[in-house]
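Chains as they are written, first to last, in the working numbering: chain A, 2 to 297; chain B, 4 to 369; chain C, 28 to 336.
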Amino acid sequence: MTDEFSSVWSYRLKWLYLLLLVATLMVPVFYNLYISFNKFGFGAYNYEFTLQWYSVVFQDQLLLSAFGWTMLLALCTVMTAVPLGLVAAKFFKTTRFKVWFVALLLLPLFVPADIVAASLLVFFKNLSFSLSWLADMTGLSWLGGWFDLGFMTALIGLIIYTIPYIFIVILITMGRYHPQQTEAARSCGATAWQAFRDVEFPQIRAGIFSAAAFTIILTFNEYTRTSMLKGGFDTFTSVLISQMLNTGMSEQSYAMGGIVSLVAILTIGGIIAFTMLRVQSLERTQRLKVNADMSG
Amino acid sequence: MKNTTDIAVESIGLSKNYGTVTALKSVDLKIASGQYYVLLGPSGGGKTTLLRLIGGFLRPTNGQIYLHGHDVSNVPPNLRPTSMVFQSYALFPHMTVAGNVGYGLKLKKLPSAEIAEKVVAMLSLVGLSGFEDRLPHELSGGQQQRVQLARALVLESDVILLDEPLAALDAKLRKDMCFELKQIQEQVGITFVHVTHNQEEAMTIADRIAIIADGELIEEGTPQDIYREPVKRFTAGFIGENNIVDGKVTAVKGTQAKVDVGSTTIAANSRSKNLSVGDQVAVSIRSELCRILGENEKNVRNVQKIPATYVEEFFLGLTVSHLVRLKTGADMIVRESSDRAGTSEFSEGDDIYLAWELGDARLHTS
Amino acid sequence: MIRTNKTQVGGGRTILASPTFFGRLFGDNGLQKYLFYLPAIFMVVFFLIPTLLTIVWSFFERTLFWMEPGFTFFSYINFFTSARFDNFLSSMFHSGISVIICFILGFPIAVFVRRHVPQVAQHRVILLFILPFMVSEIIRTFMLRPVLGRNGLVNTFLQKLGIISEPITSILFTPLGVIIGEVMSFLPFIVFAGFLAMEAVPKYIFEVCQDLGASRWRVFVDIIVPLAAPGIFAGGVFIFVNGLGVALIPNILGGPGAVNAGLIATQAISALDFPLAMAVSAIMMITLLGLLFVGHRLFNLTRILEPIA
């Protein structure tokens, strides 16, 4: 794709720079993995490959329960935020107030985690005080305790955090969908829901699944919002952070970091590999059909 | 129940606004059952809006739509007895041809054997037998439109709506598909409502044409009527190639009116319109019915003529066009078959007369 | 005209003359319509209102464990007249430097990918930068300690190569460490934003410029930057504001004076000084909205949305 006169070497140098930059950004991650597999831990002169630090992590009941909470949070976020993001993307296509709507949905991207978390924390505390006061006043006890810090408040924080990403990913996938197909389906007798299920969804499925994968990773990695809003329970990253900041890094901490990194790397790697294989197989079947047509 | 089955589509006072923009203003339209009906007009004139209102993809701001006498104004598209064919990209890309055509039948929960049978029959009707297992992207543009047609026809709806179905095809294919669409429509006998901005396509295919522009139904009639005897000035300007001169009525005698067109006064048949002196009118003449008379022919009788200046000649293949300019500055075209045309006997700047037979002029009051 | 509720027309398709209750509830104009407002409502209730209310709460009186309604400038005085404000200003300065470094390192990549990589592969190349972005920021930031530390990767590597004899210790726990952390964390964003922004620069422009004999630098300054300005600006604001607001980076990599707005807010919350935390949040929100407003006035930020709208 370069023009005919420019040198091949400058093109290759640019590629080298690009890959080097990605590699540099990944250095801390790979270094973490490297340490986590060393029997002697950080800074040791000797290196011997071992999985023992990982098995220590998986034998720790506290960590396992933190891991469970994290997975539960991630799952609940996917179940709520992805449908919300999908509905938001559908709404965006039809609304007349596109700019305001996008601003509202994407602004959380720009507000730093600690700031969102602090304002949500105070918001929830106020809500929960007001509601329990109302419950006392009216005697309606079911009013109380709704927004006490806990699983639900952490979940709301995570939905706010992930929705912009989900919205963008689904919107980009929808850009390749031709809306007259929905009309064609309606014209064939499908209800709005049937048209979505049979015609639109199969075509934007890849986007929805990638959005779900991103959501799981983002939730898994998230620390600031969750730790401020979670109330009692521990998540994987909040345990890791408290080890890092308070008790210092142990070999086990590196293994925990390794797990967090590997979850992300394997998921993203899986998505990339899957899309590439799919594109290739589509191309292959198309070629086969063309060949068959030519010979037949 | 009133027997209105001979009218397939009827709209009464139908209008559509988008916020402050009016896309369609109060259209009254009747389409007889079994007709090939074409909505013709310039882009952005409201013809697609009208079609989408009939199909139920838009909700009317005012007025009603009746399909075979039933008010469907508030019925969603999936419950209307209409099927739509779109311009492009409307096939479901993840379904095979058979899957596309059978989709509506599957929604009706027909047994799969019956679906398969109907799909095969319909594909053979549109000339695509053996294409059942292809995917849409493996088909040519013309084939894709045939699949869309089959998908619409297989539901045995009362009305098939076609939204610029041939616009994405190249000129040669469009012509062939035109004839084929017409044949299929005659074979199945279903009412077709077809939107296009291409007048050649409309002329070829239509039983009746409605001209739609600026959100209004300008006029409606058979292709012959619309071409030969347009009622409205807009139609004359839009269909075929007409020379139009604006003027003022100076005298009315029986069916004859005298019109002052600036440099001279011409006569035209009033066509049973109530005219009075001083009315603003327009007179149109088809360019192929015009002639050029030289200075030496100015005494030829029984023709209408306006003094003009010869400007230029254009060779167009089948025909040759001559551009002449009236004293008012308006450009007029005279078209003749290129077989008859030698090299032009006139050259730029010659004083000539633009002439036509008395009966060829049509008078428009609006 | 007499009409029954259900009528058979034509090929057996049923027209429902008047929709049933169920149809009205779940049809195109029933609950379904309101379902589409749900994301907007959610974002207003749990994002817009809490962030706007920070301004109200910042004027509240501090109590021992919580706060009570009132109107006092105490939190603002507390913020602007203490060392916090100096720290805030210097974190702004460091953040600004990070933005510039990210732009210099990252934006050329967006240009390169748009210009020289085949259309179909462009997204996949950009996807490479998702990889570091998707690995937890905590790990990427915290692991810079062992990477840059006294016995860390960089020092060991340089010593083995013989470039340095003594380990470099002036990186960690200094402003330089914070800037490195910010660049490592936020660089992918300038690549993404730049990539989106370059959508506004059609490819033929490069050919036209070459034809006119413009130098690379002139093409960059006169054509690419103005056309891609909204996207570049959005990416820049993102990095700048996160540099101010993400507490983790100065907390882990900075020295004693490296305190940004995010860290002030979290420290205030740990100290149960909620009005102060809210004042800092309000200041951050106003900074962010102010920057976006200025950017919108200068470059019309809605242009970024054109590719997706």
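Glycine included, each C-beta is placed from N, C-alpha and C at the ideal position.
Quiz item: Quick one, are the C-beta atoms of B:L220 and B:L32 less than 8 angstroms apart?
Solution: By one-based count along the second sequence, residue 220 of chain B stands at place 217. By one-based count along the second sequence, residue 32 of chain B stands at place 29. Yes, the Cβ-Cβ distance between B:L220 and B:L32 is below 8 angstroms.
Quiz item: Which whole-angstrom value is the C-beta distance of B:L296 and B:I355, which I expect to be below 8 angstroms?
Solution: Mapped onto the second sequence, residue 296 of chain B falls at position 293. Mapped onto the second sequence, residue 355 of chain B falls at position 352. That belief holds up - the Cβ atoms of B:L296 and B:I355 are roughly 6 angstroms apart, short of 8 angstroms.
Practice problem: Just the chain A side, please: which residues come within less than 7 angstroms of B:F95 by C-beta, in chain order? | Solution: As a first step, residue 95 of chain B must be located in the second sequence, where it is residue number 92. Per Cβ cutoff of 7 angstroms: Q182 and V200.
Quiz item: Between which two residues does the beta strand (DSSP E) harbouring A:T163 extend?
Solution: If you number the first sequence from 1, residue 163 of chain A lands on position 162. Looking at the DSSP string, A:T163 is not in any beta strand (DSSP E); the run it does join, the alpha helix (DSSP H), is F152 to M175.
Quiz item: Would you say A:C189 reaches chain B, if we count a Cβ-Cβ gap shorter than 8 angstroms as a contact?
Solution: Taking the first sequence and counting its residues from 1, one reaches residue 189 of chain A at position 188. Yes, A:C189 lies at the interface with chain B (some Cβ there is under 8 angstroms from its Cβ).
Quiz item: Which whole-angstrom value describes the C-beta separation of B:S350 and B:V323, a residue pair presumed to lie in contact below a C-beta threshold of 8 angstroms?
Solution: Numbered from 1 along the second sequence, position 347 holds the residue referred to as residue 350 of chain B. Numbered from 1 along the second sequence, position 320 holds the residue referred to as residue 323 of chain B. Going by Cβ atoms, the distance from B:S350 to B:V323 rounds to 15 angstroms, so no, they are not a contact pair.
Self-check item: Under 7 angstroms from the C-beta of A:N39: neighbouring residues of chain C
Solution: As a position in the first sequence, residue 39 of chain A is number 38, starting the count at 1. Those do not exist, as A:N39 stays about 12 angstroms from chain C at its closest Cβ, beyond 7 angstroms.
Quiz item: Which residues in the same chain as B:S266 place their Cβ atom closer than 8 angstroms to its Cβ, once the five residues preceding and following it in sequence are excluded?
Solution: As a working mapping, residue 266 of chain B is identified with position 263 in the second sequence. The residues are I309, P310, L329, K330 and T331.
Quiz item: Are the C-beta atoms of C:S117 and some chain E residue less than 8 angstroms apart?
Solution: The chain inventory of the structure shown lacks chain E, comprising the protein chains A, B and C.
Self-check item: Alpha carbon of B:Y106 to alpha carbon of A:F275, nearest angstrom
Solution: Within the second sequence, numbered from 1, the residue matching residue 106 of chain B stands at position 103. Within the first sequence, numbered from 1, the residue matching residue 275 of chain A stands at position 274. Taking the straight line from one Cα to the other gives about 29 angstroms.
Quiz item: Since C:I310 is in the alpha helix (DSSP H), which residue starts that stretch and which ends it?
Solution: For the purposes of this step, residue 310 of chain C is taken as the residue at position 283 of the third sequence. Run containing C:I310: F301 to F326, per the alpha helix (DSSP H) assignment.
Quiz item: C:I313: buried (16+ other C-beta within 10 angstroms of its C-beta) or exposed?
Solution: Translated into positions along the third sequence, residue 313 of chain C becomes position 286. Looking at its Cβ environment, which holds fewer than 16 other Cβ atoms inside 10 Å, C:I313 is exposed.
Quiz prompt | Segment contact flag, the segment 80-95 of chain B with the segment 120-135 of chain B, C-beta cutoff 8 angstroms, min 3 pairs | solution = no
Exercise. Note the first and the last residue of the continuous beta strand (DSSP E) segment covering B:D31.
Key: As a working note, residue 31 of chain B is residue 28 in the second sequence. That run of the beta strand (DSSP E) goes V24 to A35.
Quiz prompt | Closer than 7 angstroms at the beta carbon, the chain B residues around A:Q195 | solution = Your numbering for residue 195 of chain A matches position 194 in the first sequence. Residues of chain B passing the Cβ test: L110.
Quiz item: Counting only beta-carbon atoms, is A:L192 nearer than 8 angstroms to chain B?
Solution: Walking along the first sequence from the start, residue 192 of chain A turns up at place 191. The question names Leu, but residue 192 of chain A is Thr in the sequence shown. Closer than 8 angstroms to some Cβ of chain B, the Cβ of A:T192 qualifies, so yes.
Practice problem: Below 8 angstroms on the Cβ atoms is my guess for B:S287 versus B:R365; work out the distance and round it to an integer in Å. | Solution: If you number the second sequence from 1, residue 287 of chain B lands on position 284. If you number the second sequence from 1, residue 365 of chain B lands on position 362. Indeed, because the Cβ distance is near 5 angstroms, the residues count as touching under 8 angstroms.
Self-check item: Backbone CA spacing between C:L91 and C:L328 [nearest angstrom]
Solution: As a working mapping, residue 91 of chain C is identified with position 64 in the third sequence. As a working mapping, residue 328 of chain C is identified with position 301 in the third sequence. Those two C-alpha atoms are separated by around 44 angstroms.
Quiz prompt | As assigned by DSSP and simplified to three states, the class of B:S369 | solution = As a working note, residue 369 of chain B is residue 366 in the second sequence. Three-state result, B:S369: coil.
Exercise. Assuming C:G262 and C:A220 form a contact by the criterion Cβ under 8 angstroms, report the distance between their Cβ atoms to the nearest whole angstrom.
Key: To locate residue 262 of chain C, count along the third sequence from 1; it is residue 235. To locate residue 220 of chain C, count along the third sequence from 1; it is residue 193. At roughly 3 angstroms, the Cβ-Cβ gap stays under 8 angstroms, so C:G262 and C:A220 are in contact.
Practice problem: Under 8 angstroms by Cβ, that's how I've got B:K121 and B:V157 pegged, so tell me the actual separation to the nearest angstrom. | Solution: The residue you call residue 121 of chain B lines up with position 118 of the second sequence. The residue you call residue 157 of chain B lines up with position 154 of the second sequence. 6 angstroms between Cβ atoms; contact.
Self-check item: Residues near A:F168 by beta carbon distance below 7 angstroms, same chain, minus five either side
Solution: The residue you call residue 168 of chain A lines up with position 167 of the first sequence. The answer, listed in chain order, is G86, A89, A90 and L106.
Quiz item: Do you know whose CA, among A:L34, A:L128, A:Y48 and A:T192, lies nearest C:V162's CA?
Solution: Here residue 162 of chain C refers to the residue found at position 135 when the third sequence is read from its first residue. Measuring from the Cα of C:V162, the nearest candidate turns out to be A:L34.
Quiz prompt | Below-8 angstroms beta-carbon distance, A:T238 vs any chain C residue | solution = Translated into positions along the first sequence, residue 238 of chain A becomes position 237. True, the Cβ-Cβ gap to chain C drops below 8 angstroms.
Self-check item: Separation of A:E49 from C:P277, as counted between CA atoms
Solution: Along the third sequence, one-based indexing puts residue 277 of chain C at 250. Along the first sequence, one-based indexing puts residue 49 of chain A at 48. Between C:P277 and A:E49, the C-alpha separation is close to 34 angstroms.
Exercise. Can you check DSSP and say which residues form a bridge with B:D334?
Key: As a working mapping, residue 334 of chain B is identified with position 331 in the second sequence. Answer is B:R328.
Quiz item: Could one say the Cβ of B:L158 lies closer than 8 angstroms to chain A's Cβ atoms, at least one of them?
Solution: Position 155 of the second sequence, counted from the start, is the residue given in the question as residue 158 of chain B. Yes, its Cβ sits closer than 8 angstroms to a Cβ of chain A.
Self-check item: Positions along the segment 62-95 of chain B whose CB lies within less than 9 angstroms of some CB in chain A
Solution: P79, P80, N81, L82, R83, T85, S86, M87, V88, F89, Q90, S91, Y92, A93, L94 and F95
Quiz item: In terms of residue numbering, what span does the alpha helix (DSSP H) encompassing A:F68 cover?
Solution: On the first sequence, position 67 is the one that residue 68 of chain A refers to. Residues Q62 to T95.
Quiz item: For the candidate residues A:F237, A:A45 and A:K40, whose alpha-carbon lies nearest to that of C:L180?
Solution: Working through the third sequence from its first residue, we reach residue 180 of chain C at position 153. Among A:F237, A:A45 and A:K40, the Cα nearest to that of C:L180 belongs to A:A45.
Quiz item: Beta-carbon of C:S192 versus every beta-carbon of chain A: anything under 8 angstroms?
Solution: To locate residue 192 of chain C, count along the third sequence from 1; it is residue 165. C:S192 does not count as touching chain A.
Quiz item: Does DSSP classify C:G208 as helix, strand or coil?
Solution: Counting from one through the third sequence, the residue named residue 208 of chain C turns up at place 181. Here C:G208 sits in helix by DSSP.
Practice problem: Note down the Cα distance separating A:T238 from A:T71, rounded to an integer number of angstroms. | Solution: Along the first sequence, one-based indexing puts residue 238 of chain A at 237. Along the first sequence, one-based indexing puts residue 71 of chain A at 70. Using only the alpha carbons, I get a separation of about 8 angstroms.
Quiz item: Going by beta carbon distance, what residues of the same chain come within less than 7 angstroms of C:A306, once the five residues before and after it are set aside?
Solution: Taking the third sequence and counting its residues from 1, one reaches residue 306 of chain C at position 279. So the list reads S85, S102, Y103 and F106, once near-sequence residues are dropped.
Practice problem: Could you please give the first and the last residue of the uninterrupted alpha helix (DSSP H) stretch that includes C:G16? | Solution: Lying outside 28 to 336, the shown extent of chain C, residue 16 of chain C is not represented and no answer is given.
Quiz item: Taking the alpha-carbon positions, what's the A:F124 to C:P77 distance?
Solution: The residue given as residue 124 of chain A occupies position 123 in the first sequence. The residue given as residue 77 of chain C occupies position 50 in the third sequence. Taking the straight line from one Cα to the other gives about 6 angstroms.
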